[in-house]
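Novice:
Number of protein chains: 2
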Amino acid sequence: MKTLEEMGREAKKAAGDLALASSEEKDRGLAAIAAALREQAGRILEANRRDLANAVQSGMSKAMQDRLALDETRIEEIAKGVEAVIALPDPVGQVDKGTVRPNGLSITRVRVPLGVVGIIYEARPNVTVDAAALCVKSGNACILRGGKEAIGTNLALAEVMGRALEKTGLPAGAVRLVEDTGRESAQEMMRANGLIDVLIPRGGAGLIRAVVEQSTVPVIQTGVGNCHVYVDSPCDLEMGVRIIENAKCSRPSVCNAAETLLVHRDVAKKFLPMAKAALDRYGVRLRGCPETRRILGECIAPASEEDYAAEFNDYILAVRVVDSIGEAIEHIRRYSTGHSEAIVTSDYGHSRLFTRQVDAAAVYVNASTRFTDGGQFGLGAEMGISTQKLHARGPLGLLEMTTTKYIVLGSGQIR
Amino acid sequence: MKTLEEMGREAKKAAGDLALASSEEKDRGLAAIAAALREQAGRILEANRRDLANAVQSGMSKAMQDRLALDETRIEEIAKGVEAVIALPDPVGQVDKGTVRPNGLSITRVRVPLGVVGIIYEARPNVTVDAAALCVKSGNACILRGGKEAIGTNLALAEVMGRALEKTGLPAGAVRLVEDTGRESAQEMMRANGLIDVLIPRGGAGLIRAVVEQSTVPVIQTGVGNCHVYVDSPCDLEMGVRIIENAKCSRPSVCNAAETLLVHRDVAKKFLPMAKAALDRYGVRLRGCPETRRILGECIAPASEEDYAAEFNDYILAVRVVDSIGEAIEHIRRYSTGHSEAIVTSDYGHSRLFTRQVDAAAVYVNASTRFTDGGQFGLGAEMGISTQKLHARGPLGLLEMTTTKYIVLGSGQIR
Numbered sequence: 000m001k002t003l004e005e006m007g008r009e010a011k012k013a014a015g016d017l018a019l020a021s022s023e024e025k026d027r028g029l030a031a032i033a034a035a036l037r038e039q040a041g042r043i044l045e046a047n048r049r050d051l052a053n054a055v056q057s058g059m060s061k062a063m064q065d066r067l068a069l070d071e072t073r074i075e076e077i078a079k080g081v082e083a084v085i086a087l088p089d090p091v092g093q094v095d096k097g098t099v100r101p102n103g104l105s106i107t108r109v110r111v112p113l114g115v116v117g118i119i120y121e122a123r124p125n126v127t128v129d130a131a132a133l134c135v136k137s138g139n140a141c142i143l144r145g146g147k148e149a150i151g152t153n154l155a156l157a158e159v160m161g162r163a164l165e166k167t168g169l170p171a172g173a174v175r176l177v178e179d180t181g182r183e184s185a186q187e188m189m190r191a192n193g194l195i196d197v198l199i200p201r202g203g204a205g206l207i208r209a210v211v212e213q214s215t216v217p218v219i220q221t222g223v224g225n226c227h228v229y230v231d232s233p234c235d236l237e238m239g240v241r242i243i244e245n246a247k248c249s250r251p252s253v254c255n256a257a258e259t260l261l262v263h264r265d266v267a268k269k270f271l272p273m274a275k276a277a278l279d280r281y282g283v284r285l286r287g288c289p290e291t292r293r294i295l296g297e298c299i300a301p302a303s304e305e306d307y308a309a310e311f312n313d314y315i316l317a318v319r320v321v322d323s324i325g326e327a328i329e330h331i332r333r334y335s336t337g338h339s340e341a342i343v344t345s346d347y348g349h350s351r352l353f354t355r356q357v358d359a360a361a362v363y364v365n366a367s368t369r370f371t372d373g374g375q376f377g378l379g380a381e382m383g384i385s386t387q388k389l390h391a392r393g394p395l396g397l398l399e400m401t402t403t404k405y406i407v408l409g410s411g412q413i414r
Numbered sequence: 000m001k002t003l004e005e006m007g008r009e010a011k012k013a014a015g016d017l018a019l020a021s022s023e024e025k026d027r028g029l030a031a032i033a034a035a036l037r038e039q040a041g042r043i044l045e046a047n048r049r050d051l052a053n054a055v056q057s058g059m060s061k062a063m064q065d066r067l068a069l070d071e072t073r074i075e076e077i078a079k080g081v082e083a084v085i086a087l088p089d090p091v092g093q094v095d096k097g098t099v100r101p102n103g104l105s106i107t108r109v110r111v112p113l114g115v116v117g118i119i120y121e122a123r124p125n126v127t128v129d130a131a132a133l134c135v136k137s138g139n140a141c142i143l144r145g146g147k148e149a150i151g152t153n154l155a156l157a158e159v160m161g162r163a164l165e166k167t168g169l170p171a172g173a174v175r176l177v178e179d180t181g182r183e184s185a186q187e188m189m190r191a192n193g194l195i196d197v198l199i200p201r202g203g204a205g206l207i208r209a210v211v212e213q214s215t216v217p218v219i220q221t222g223v224g225n226c227h228v229y230v231d232s233p234c235d236l237e238m239g240v241r242i243i244e245n246a247k248c249s250r251p252s253v254c255n256a257a258e259t260l261l262v263h264r265d266v267a268k269k270f271l272p273m274a275k276a277a278l279d280r281y282g283v284r285l286r287g288c289p290e291t292r293r294i295l296g297e298c299i300a301p302a303s304e305e306d307y308a309a310e311f312n313d314y315i316l317a318v319r320v321v322d323s324i325g326e327a328i329e330h331i332r333r334y335s336t337g338h339s340e341a342i343v344t345s346d347y348g349h350s351r352l353f354t355r356q357v358d359a360a361a362v363y364v365n366a367s368t369r370f371t372d373g374g375q376f377g378l379g380a381e382m383g384i385s386t387q388k389l390h391a392r393g394p395l396g397l398l399e400m401t402t403t404k405y406i407v408l409g410s411g412q413i414r
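Chains A and B, in that order, are what the protein sequence lines are. Using numbering that gives the first Met the number 0, read the first sequence as starting at 0 and increasing by one per residue. Using numbering that gives the first Met the number 0, read the second sequence as starting at 0 and increasing by one per residue.
Shown next, in the form of structure tokens:
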């Protein structure tokens, strides 16, 4: 078993080679990965079956088992995902800006890979391949550390990918998996300054908080979404129903799903019963403020402070009636995780106020929060949704997996 | 004395207002600051004299005293610096990119302030004003924590600035100074997630390391520069002399000054005596590898591993003869802090190899490393030189003091 130090050194070296690889070379490596995943599906599925058997024995929930399980179809989807990354433009070498200074110095700022990217994630084995493919395409080496439940599957995937890269002349060290899935191995990654350039946690709020708090390696914080939909007055109430229904119910487990509905007092009496009827069809349980319960009835559970702060990731929705757009913005400012926030309004001034005053990665007028996604935004695949303000905010596409370098060409200039 | 919690809340509120202020409003505030600095120079200088008296008593070095001391001329320079910031374009509201998606959603990515910026710095009181001016212009509130030696001066400056802002209708809470200069106050800032959005340490390597290691608030790492000049073969040797002389001697205390000279074996015998003659005029002490000492004589001190890793910030230069450009790049990869690295060469292939393989904020061909500077790069004033890969790399101009927000305008789209 390799130490993190050894993997880090290999990854560093591989990152040096990968940074100089042409787009064609990287795409060839990715094509080899896609092909190898298909060819060696049997081996991967066998490892996955063992992981699943262990998971069942240790009493893993059905939902978690479903995240862990692979089959031929899912492997085909994963391979297709790699091919989708091939189709994206290579960000490395893109010129951000350039100028010639009065003294004749030519200064250009070009996109270069970040170097070695560490990714700490949980049970889904598809992340192993998605993350590796995005890293290879953007010229980064990666050190992956998945959850212990998927370790057999992940090892098989990492080995298949490493060999495929090697066959096309790219360094196998560009994709490395940490075999030790204990708590210490994650903590070691968080302290690996000099070996790992950037750490990206992908998973639940607990994991992300732990990495943000403990890491001395720079972190990109992703994916915690306590998203709001505010139904303003005046607005198209039917549009409001469609949007909250979509934002809550189209996929409640994801970070861009809505967790709280805010409704202006002037439309609440009419709107809330309409919304409830739509949400009832999905079995959404509402937790309401006193005014909501006055309108919808005492059968609605009361909403607590914790409910307003919660990312339910489930068919649960907190509901609050507000007196004004100002109160709605104040509520969002207090509870938002800065992911995605939406207003439904037909007032021009309100739309402007909301988009200017709400501080989030994505602010919506008259659309569902569910669109905050690399594919929906036209970036192609993504590494997650950044909810921090440094480096990148919103979907992390290939460009966000790079940094810049100033290249200054002179003819003997001194200062 | 206000607690950090109180200041943080005020700053957060002020940041909300400042984010919505127009460029004109912010420029008016900055003009009021420049005017107030001039008008109240007497009061500021009086506070500064007290700080200096205490410093002399506690045995502060002459060089440090010089950094701390203000006079009418320096205050005028500081006020002019604020006016220079007024002249820069406002980054807030700039549209990075925009698109209309096939479903009709209009997505634009606009520049918005970071929010509350914490700045931890050492003895120079001019940083108090420079940093505040850059923050106000970029729509950020700031919480400043300077060194204890300058606390009286800094308090006077912060009060003058806060009142000036208030007079023009901007929130005084936008510029706050931490009065407690103990170690605990810095550590409290490093843990102030939710109150401070970004922390920027400005000062020596020790301060920066401490902040990077201890902060849970996102950090922009600045200013540690172990910069190299590599004199290749073939090259214009006289240009090489001019460049190393400038990179080492024009201002040895700054982060873009050169600390190590690398010389190709084929030109070393001719080049090293030329370089020594030029550097001798400044009293530069050389520390050489065995080959350097063979050429220049045993009077040159031997260079140790520590010398290669050191940021001398003084008239000291490590010198090493290398066999190839590959060995030079290897040396730089090992010891570089990723700030500024230069090659002097007349070989096209070597220039390309060096700029591609060396991983630093700024890579130079045939120019002095001393140009890595916001002003020299055409960005105007700067908040420091970022040596990290996340967010921004190289000089931190006004644009780098902002983040982005996606604004998505729809007409009822759901997913």
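Ideal Cβ placement from N, Cα and C applies to all residues, glycine included.
1. State yes or no: is the beta carbon of A:Thr336 nearer than 8 Å to at least one beta carbon in chain B?
2. By the DSSP assignment, the beta strand (DSSP E) with A:Glu226 in it spans what residues?
3. Please classify A:Cys298: is it buried, with 16 or more other beta-carbons within 10 angstroms of its beta-carbon, or exposed?
4. Give the DSSP-derived three-state secondary structure of B:Tyr314 in the structure shown.
5. List the endpoints of the continuous alpha helix (DSSP H) containing A:Lys136.
6. According to a CB-to-CB cut-off of less than 7 Å, which residues of the stretch 241-257 of chain B neighbour chain A?
7. Are the beta-carbon atoms of B:Val321 and B:Glu340 separated by less than 8 Å?
8. Can you give the Cα-Cα distance for B:Pro301 and B:Arg292, rounded to whole angstroms?
9. According to DSSP, simplified to helix, strand and coil, what is B:Lys166?
10. Output, in chain order, the set of chain B residues within a Cβ distance shorter than 7 Å of A:Pro217.
11. Any idea if B:Ala86 is buried or exposed, counting beta-carbon neighbours within 10 angstroms, 16 or more meaning buried?
12. Quick check on B:Ser21: buried or exposed, where buried means 16 or more other Cβ atoms within 10 Å of its Cβ?
13. Excluding the five sequence neighbours on either side, which residues of its own chain have a C-beta within less than 6 Å of the C-beta of A:Lys96, listed in chain order?
14. In the structure shown, what three-state DSSP assignment does B:Ser350 receive?
15. A:Gly393 and B:Tyr405 - do their beta-carbons sit closer together than 8 Å?
16. Compute the Euclidean distance between the alpha carbons of A:Val240 and A:Ala274, then round it to the nearest angstrom.
17. Of the choices A:Leu260, A:Ala267, A:Gly161, whose alpha-carbon is the least far from that of A:Arg284?
18. So with Cβ pairs under 8 Å, would you call B:Ser367 a contact of chain A?
19. Of all the CB atoms in chain A, is at least one closer than 8 Å to the CB of B:Glu375?
20. Can you give me the Cβ contacts of A:Leu51 inside the same chain, cut-off strictly under 8 Å, excluding the 5 residues immediately before and after it?
21. Using 8 Å as the threshold, is the stretch 199-210 of chain B in touch with the stretch 167-176 of chain B, meaning 3 or more CB pairs across them?
22. Output needed in chain order: residues of the stretch 86-114 of chain B with a Cβ under 7 Å from some Cβ in chain A.
23. Using CA coordinates, which residue listed in A:Pro124, A:Val407, A:Glu329, A:Ile74 is at the minimum distance from A:Leu154?
24. At a CB-CB cut-off below 8 Å, which residues of chain A make contact with B:Gln412?
25. Among B:Leu236, B:Glu24, B:Gly114, B:Ala31, which one has its Cα closest to the Cα of B:Glu9?
26. Hey, quick one: how far does the beta strand (DSSP E) through A:Glu258 stretch, first residue to last?
27. Please name the residue or residues paired with B:Lys404 in a DSSP beta bridge.
28. If B:Leu316 sits next to A:Val364, beta carbons under 8 Å apart, how far is it from one beta carbon to the other, in whole angstroms?
29. Is A:Leu194 close to chain B, meaning its C-beta is less than 8 Å from at least one C-beta of that chain?
30. Rounded to whole angstroms, what's the CA-CA distance from A:Ser367 to B:Phe376? Just pull it up for me.
31. Whole angstroms are fine: how far does the CA of B:Met189 sit from the CA of B:Ile77?
32. Output, in chain order, the set of chain B residues within a Cβ distance shorter than 7 Å of A:Glu212.
33. From the DSSP output, in three-state form, read off A:Gly325 for me.
34. What distance in whole Å lies between the Cβ atoms of A:Ile142 and A:Gly117, which are believed to be in contact at a cut-off of 8 Å?
Specialist: So, from the data block:
1. Taking a beta-carbon distance threshold of 8 Å, A:Thr336 does not count as an interface residue toward chain B.
2. Note that residue 226 of chain A corresponds to Cys in the displayed sequence, not to Glu. Bounds of the beta strand (DSSP E) holding A:Cys226 are 226-230.
3. By the neighbour-count rule (16 or more Cβ atoms within 10 Å), A:Cys298 is not buried but exposed.
4. Coil at B:Tyr314, not helix or strand.
5. Following the DSSP letters along the chain, one finds A:Lys136 inside the alpha helix (DSSP H) bounded by residues 125-136.
6. Within the stretch 241-257 of chain B, the qualifying residues are Arg241, Ile242, Asn245, Ser249.
7. Against a cut-off of 8 Å, the Cβ pair of B:Glu340 and B:Val321 comes out as no contact.
8. Answer to the nearest angstrom: the Cα atoms are 7 Å apart.
9. If DSSP states are grouped into helix, strand and coil, B:Lys166 belongs with the helices.
10. Neighbours of A:Pro217 in chain B, taken as residues whose beta carbon is under 7 Å from its own, are Gln387, Leu389 in chain order.
11. By the 10 Å Cβ count, B:Ala86 comes out exposed.
12. Counting the other Cβ atoms within 10 Å of the Cβ of B:Ser21 gives fewer than 16, which makes it exposed.
13. Excluding sequence neighbours, A:Lys96 sits near Arg108.
14. Reduced to three states, the DSSP call for B:Ser350 is helix.
15. In contact: B:Tyr405 and A:Gly393 (Cβ atoms closer than 8 Å).
16. Rounded to the nearest angstrom, the two C-alpha atoms are 5 Å apart.
17. Distance check between A:Arg284 and each of A:Leu260, A:Ala267, A:Gly161 places A:Leu260 closest, using alpha-carbon atoms only.
18. For B:Ser367, the answer is yes, since a Cβ of chain A falls inside 8 Å of its Cβ.
19. A small correction: the amino acid at residue 375 of chain B is Gln; Glu does not occupy that position in the sequence shown. Taking CB atoms only, B:Gln375 has a neighbour in chain A less than 8 Å away.
20. If we look at A:Leu51 and ignore the five residues flanking it on each side, its Cβ neighbours are Gln64, Leu67, Ala68.
21. With a cut-off of 8 Å, the stretch 167-176 of chain B and the stretch 199-210 of chain B do not count as touching, because too few Cβ pairs lie within range.
22. Residues are counted here when their Cβ sits less than 7 Å from a Cβ of chain A; for the stretch 86-114 of chain B these are Thr98, Arg100, Leu104, Ile106, Leu113, Gly114, given in chain order.
23. The residue with the shortest Cα to Cα distance from A:Leu154 is A:Pro124.
24. For a Cβ distance threshold of 8 Å, residue set Asn365, Ala366, Ser367, Phe370 of chain A lies close to B:Gln412, ordered along the chain.
25. Just measuring C-alpha positions, the residue of B:Leu236, B:Glu24, B:Gly114, B:Ala31 sitting nearest B:Glu9 is B:Gly114.
26. Start and end: 257-263.
27. Here B:Lys404 is bridged, per DSSP, to B:Val109.
28. Not quite, the Cβ-Cβ distance comes to about 59 Å (not below 8 Å), so this is no contact.
29. So no, A:Leu194 is outside the interface.
30. Annotation: A:Ser367 to B:Phe376 spans about 42 Å, alpha carbon to alpha carbon.
31. In a straight line, the C-alpha of B:Ile77 is about 28 Å away from that of B:Met189.
32. Neighbours of A:Glu212 in chain B, taken as residues at a C-beta separation under 7 Å, are given in chain order as Thr215.
33. In the three-state DSSP reduction, A:Gly325 falls in the helix class (H, G or I).
34. The C-beta separation of A:Gly117 from A:Ile142 comes to about 5 Å, placing the pair in contact by the 8 Å criterion.
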